[in-house]
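Note sheet for the following structure.
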Amino acid sequence: MLVMSRETAYIRMLDASAKLQWNVAMILEAKAVEAEKVRAWLCNHITPDSFTEQQDQWKSSMMVHDQLVEVIDGLAKLNHGMTNVLKAALRQVDDMGMGAGPMNGIENMLNGPFDMGDRH
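Quick note: the sequence shown uses the numbering used here, first residue 16, plus one each step.
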């Protein structure tokens, strides 16, 4: 059975959070490039003359809009999850009455209980 120290658990949790944030940044960069390509294509190819009926134009516009809403919703959920991880680590610092020195917060955080639960 592998037993992990509290310090190691916090460091691994924060390291994973940093890696996740870096990956999200890469995803956002790729999405920005993709969105610019889509915007350019839409501006050059989707005109009122491209559709036989206005309803078809609305359907096409709504499909693009729905895809963008899905991306934004997914990023919001991912951000919420990352925030919860950081809150769990910072809550330990806050609960232990930190602030008596530059390293006191880290030292006390690593000596406290490890809790990932939400508090309201």
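Every residue, glycine too, gets a C-beta built ideally from N, C-alpha and C.
The alpha helix (DSSP H) spanning SER32 covers which residue range? 21-60
Touch test, the region 65-77 against the region 47-56, Cβ-Cβ under 8 Å, three pairs minimum: no
If you draw a straight line from the C-alpha of LYS92 to the C-alpha of THR62, how long is it? 34 Å
Measuring CA to CA, which of LEU43, LEU83, LEU35 and ASP71 is closest to ARG54? LEU83
Closest by C-alpha distance to SER75, when choosing among ASP88, LEU57 and LEU90: LEU57
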